[in-house]
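Enquirer:
Numbering (this note's numbering), first residue to last: 8 to 135.
1. Are there 16 or more other CB atoms within 10 angstroms of the CB of residue 11, so buried, or fewer, so exposed?
2. Return the chain-ordered list of same chain residues with a C-beta closer than 6 Å to the C-beta of residue 119, the five sequence neighbours on each side being excluded.
3. Over the uninterrupted alpha helix (DSSP H) stretch that includes residue 34, give me the two end residues.
4. Going by beta-carbon coordinates alone, are residue 107 and residue 14 separated by less than 7 Å?
5. Roughly how many whole angstroms lie between the Cα atoms of residue 70 and residue 22?
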C-alpha cells in the first residue's frame with residue numbers, strides 16, 4: 008500500500024467515503040480556533056488568518072473567489088463550517104497527504120493526535 012493510500016485510510020472511512028470521527032473533530036477544532044468572533048462562520052479576515060497559519064501566506068483573491076463559488080457560504084460570502092468541511096473533503100480525496108500536512112501545521116501528529124496547540128506555541132514564555 009502506498010503512503011498516499013495509508014494517509015487516505017487514516018483520514019477517510021473507505022466504506023462510507025466520509026471523514027473518520029477524529030478528522031471531523033480536528034476540522035471542528037481548527038474551524039472554531041479561527042472563528043475569532045464565534046459566530047459560526049469565517050469572514051475574510053478569519054479565512055486569511057487560517058490561510059497564513061496553514062500555508063505561510065494569505066490566499067490570493069482568485070482562491071477566495073473559488074472558495075466562495077465552490078463551497079457553502081452565507082449571503083455575505085462568509086465561509087460556513089459545512090463549506091470548510093467540503094473544502095477539506097475535496098482536498099483529501101485528491102491529495103490526502105496535503106491534508107495531513109495541514110493538520111501538522113496546526114499541531115497534530117501522524118496519528119492525528121494534538122501534540123502542541125498553536126496558542127501554546129505562540130504564548131510560551133521565552134526560556135533564558
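The beta carbon of each residue, even a glycine, is placed where N, CA and C say it ideally should be.
Expert: Reading from the atomic positions:
1. exposed
2. 29
3. 28–41
4. yes
5. 31 Å
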